[in-house]
Structure formats: structure tokens, C-alpha cells
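Single-structure report; data block below.
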Amino acid sequence: MAKTYDYLFKLLLIGDSGVGKTCLLFRFSEDAFNTTFISTIGIDFKIRTIELDGKKIKLQIWDTAGQERFRTITTAYYRGAMGIMLVYDITNEKSFDNIKNWIRNIEEHASSDVERMILGNKCDMNEKRQVSKEKGEKLAIDYGIKFLETSAKSSINVEEAFFTLARDIMTKLNRKMNDNSSSGAGGPVKITENRSKKSSFFRCTLL
Amino acid sequence: PGPAQEPRSPCCLVCAQGRNLKAVLCQRCSSRGVMCVLPQLLLPAMRKKAVAAGSGGSGGDVVREHWLVRDMFSFENVGFTRDVGNVKFLVCADCEAGPIGWHCLDDKESFYVALERVAHE
Numbered sequence: 034m035a036k037t038y039d040y041l042f043k044l045l046l047i048g049d050s051g052v053g054k055t056c057l058l059f060r061f062s063e064d065a066f067n068t069t070f071i072s073t074i075g076i077d078f079k080i081r082t083i084e085l086d087g088k089k090i091k092l093q094i095w096d097t098a099g100q101e102r103f104r105t106i107t108t109a110y111y112r113g114a115m116g117i118m119l120v121y122d123i124t125n126e127k128s129f130d131n132i133k134n135w136i137r138n139i140e141e142h143a144s145s146d147v148e149r150m151i152l153g154n155k156c157d158m159n160e161k162r163q164v165s166k167e168k169g170e171k172l173a174i175d176y177g178i179k180f181l182e183t184s185a186k187s188s189i190n191v192e193e194a195f196f197t198l199a200r201d202i203m204t205k206l207n208r209k210m211n212d213n214s215s216s217g218a219g220g221p222v223k224i225t226e227n228r229s230k231k232s233s234f235f236r237c238t239l240l
Numbered sequence: 116p117g118p119a120q121e122p123r124s125p126c127c128l129v130c131a132q133g134r135n136l137k138a139v140l141c142q143r144c145s146s147r148g149v150m151c152v153l154p155q156l157l158l159p160a161m162r163k164k165a166v167a168a169g170s171g172g173s174g175g176d177v178v179r180e181h182w183l184v185r186d187m188f189s190f191e192n193v194g195f196t197r198d199v200g201n202v203k204f205l206v207c208a209d210c211e212a213g214p215i216g217w218h219c220l221d222d223k224e225s226f227y228v229a230l231e232r233v234a235h236e
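Listed below in C-alpha cells is the structure:
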């Protein structure tokens, strides 16, 4: 069967437990079904399809499965990741302070050219806010990372966050491709053709 | 899940090549365009839907008719649960209704979507 998409990106959600990672990504719908059966097992990852600039992009988005509690997020989890959402809770200062530790963890374990984005989640709970928006923005600027405040509950900026990250990954890939072709490595290569279909179940490395 | 319905006759769902004629959607929140599967083969599969955890063992339906999806990335939107034995269950990516199908880790190229647990339009 012909491939029906142009790009495939593996994305991860990282951050302290309780910051709303699972809701952020995993529940685009308010009206969740939530059977005991499904919530007992838990969701591992989701595949979502978006369109950017007329390109069809498959996002495979992974949750940490609570491993963050034990700080056991290691290379295996990061393997093949092309984008990482660093999530904190604006009502929990500790989770914000820990973003620096998560960035260090990413630098140790993830690919060096992974796209990152910082999200201040639960921005619907302004009355309990402990971290100002300016503080979040400053941290992001310090690290040269994009920043958004989100609310999974009120669906604020959630889609926008994923679109932004996907766009940044796509831009980076296109730039790489142009660099390669201009350095005489041959004509443009369609990224998806490099993906080995057979071995891609838990990885979706493009390059 | 209500009582098992008689699945619709496959003839109105598949083309001559055995692929789906209609989009496959979540039964609950179909308006959100949940799960459009690209052309797939329809295969009957005699497998018990392993509704394992927390249902006392006997819950669930024996689902015979499935869409067979060969590449997980041909799903538009779908969620995968964590492993239950060597099975991952499929759920609606938006509302998490499910299981709507399953995937056995022993066969990396087979993803089954139960006909009676999705809507077709």
C-alpha cells in the first residue's frame, strides 16, 4: 500500500508527575469515555494525524507511564524522539524548578538535535498560580526554547503546542535535507522513504 | 458496551477487493472524525477479545469480524494501551472509548479493529 503520509514524528511528554501530561496530550476530548478497563491499563501512546502546509504528518505521542516518579527515564525512552514537550504545572513551583533537571536529563539521554518546547500547563487555574507567565517565558528564552501556557482542561493552546513543535521539526528536517543536497550528497530525498517499515514499531527514526 | 449487536453484513462495507468503502469512526464521538482507516482487508478472526483486568474474566464479547490494518501509521487517530500480556488494546484517540480492537505484540504487522465497535460512514 502506498504511504499515506509525508512525515512521521515521535514526540514525548516529559515533566514531573501530576503536571497533567497525560491529559494534555492524551485527552483532546473533554467528553472522555474512561472505562475502568482502559484507565486501569493506561494508555501507552497515541497516533494523531495533522496537516501542515499541505503535508500530512503522523504524530506518535508517548507518555512516560509514571516512570518520572523514579527518575528512571533513560536512553531507551528517548530513542528516536524528534520532539519533546517539557511540561510543568503553573500552580506548582517545584514542577517549574524541575524543568531545568529535565532539560539536563534530555541533554544526557536524548538525541542532541531533538526539538524541545516548554509548556506551562493548567493555565485555567489562575487563582492558584505560583509561576508567572513571565518566569516561564524567561526560562524558555534562557534555553532558546519555545514556550506556551496551556490548559488541557479548557483546551487552550494544546493543539497549537503540537502544531508548533511539529512545524519546528519539519523545518529542521527540511533544512537538513537542503544542506545535504547542496553539499553534493545527491538530490532531495523524501524523508519517509528512509524509514524501515519493519523495524519501526517502537521507533520511528527518520534519519 | 451494550449487548453484542449483529455486525452489519460485510457486503455493504467492503468493495470487491475486500477493502473498506466507508470511513471507520468512533461510535461515541464520530463527529470529531476520530479514526479514519485507509483501505484495509476485511478478515474474519475467531479470537476472544481478552477483556482481562477487572471484569471478572467473563466480560466482553467474542468478536469475529475485524478490519485488519497492516501498518499502524495508516490509522488517522488511535490510542494504544499499555501491554496486557502480549496484547495492546486500541482505543479512540479522542474520547478513549474502547477497546475497539487489539494488536498482538507477536505479530507486528497486524492491528485488528472490531467491526461492531466502530461506526462506518
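Chains as they are written, first to last, in my numbering: chain A, 34 to 240; chain B, 116 to 236. Glycine included, each C-beta is placed from N, C-alpha and C at the ideal position.
Best match in A:Asp96, A:Met210, A:Gly177, A:Ser72 for proximity to threonine 55 of chain A [C-alpha to C-alpha]:
Taking the first residue of the first sequence as 1, we reach residue 55 of chain A at position 22. Closest by alpha carbon: A:Asp96.
Do valine 191 of chain A and valine 120 of chain A have their C-beta atoms within less than 8 Å of each other?
As a first step, residue 191 of chain A is located in the first sequence; it is residue number 158 there, counting from the start. As a first step, residue 120 of chain A is located in the first sequence; it is residue number 87 there, counting from the start. Contact: no.
If the cut-off is 8 Å on Cβ atoms, which residues from the region 183 to 198 of chain B count as contacting chain E, listed in chain order?
Here chain E cannot be found, since the structure's protein chains are A and B.
Boundaries of the alpha helix (DSSP H) in which asparagine 134 of chain A is found, first to last residue
Within the first sequence, residue 134 of chain A is the residue found at index 101, counting from 1. 132 to 142 is the extent of the alpha helix (DSSP H) around asparagine 134 of chain A.
Can you give me the C-alpha to C-alpha distance between histidine 218 of chain B and glutamine 163 of chain A, rounded to a whole angstrom?
Numbered from 1 along the second sequence, position 103 holds the residue referred to as residue 218 of chain B. Numbered from 1 along the first sequence, position 130 holds the residue referred to as residue 163 of chain A. C-alpha separation (whole angstroms): 43 Å.
Could you tell me which residues DSSP pairs with aspartate 320 of chain A in its beta bridges?
This structure cannot speak to residue 320 of chain A, because chain A is shown only from 34 to 240.
For the region 74 to 98 of chain A, which residues have a beta carbon sitting closer than 9 Å to at least one beta carbon of chain B?
Ile74, Gly75, Ile76, Asp77, Phe78, Lys79, Ile80, Arg81, Thr82, Lys91, Gln93, Ala98
Nearest-angstrom Cα separation, counted from glycine 153 of chain A out to phenylalanine 180 of chain A:
In the first sequence, counting from the first residue as 1, residue 180 of chain A sits at position 147. In the first sequence, counting from the first residue as 1, residue 153 of chain A sits at position 120. Their Cα atoms are separated by approximately 8 Å.
DSSP three-state call for arginine 149 of chain A: helix, strand or coil?
Along the first sequence, one-based indexing puts residue 149 of chain A at 116. Secondary structure at arginine 149 of chain A: strand, using DSSP grouped into helix, strand and coil.
What number of angstroms, rounded off, separates the C-alpha of glutamate 182 of chain A from the C-alpha of lysine 133 of chain A?
Counting from one through the first sequence, the residue named residue 182 of chain A turns up at place 149. Counting from one through the first sequence, the residue named residue 133 of chain A turns up at place 100. Using only the alpha carbons, I get a separation of about 17 Å.
Could you say if the region 111 to 131 of chain A and the region 42 to 49 of chain A meet the contact criterion of at least three C-beta pairs nearer than 8 Å?
yes
Does glutamate 211 of chain B come within less than 8 Å of chain A when only Cβ atoms are used?
Stepping through the second sequence from its first residue, residue 211 of chain B is reached at position 96. At least one chain A Cβ lies under 8 Å of glutamate 211 of chain B.
List the residues that DSSP assigns as beta-bridge partners of isoleucine 94 of chain A.
As a working note, residue 94 of chain A is residue 61 in the first sequence. A:Leu44, A:Lys79.
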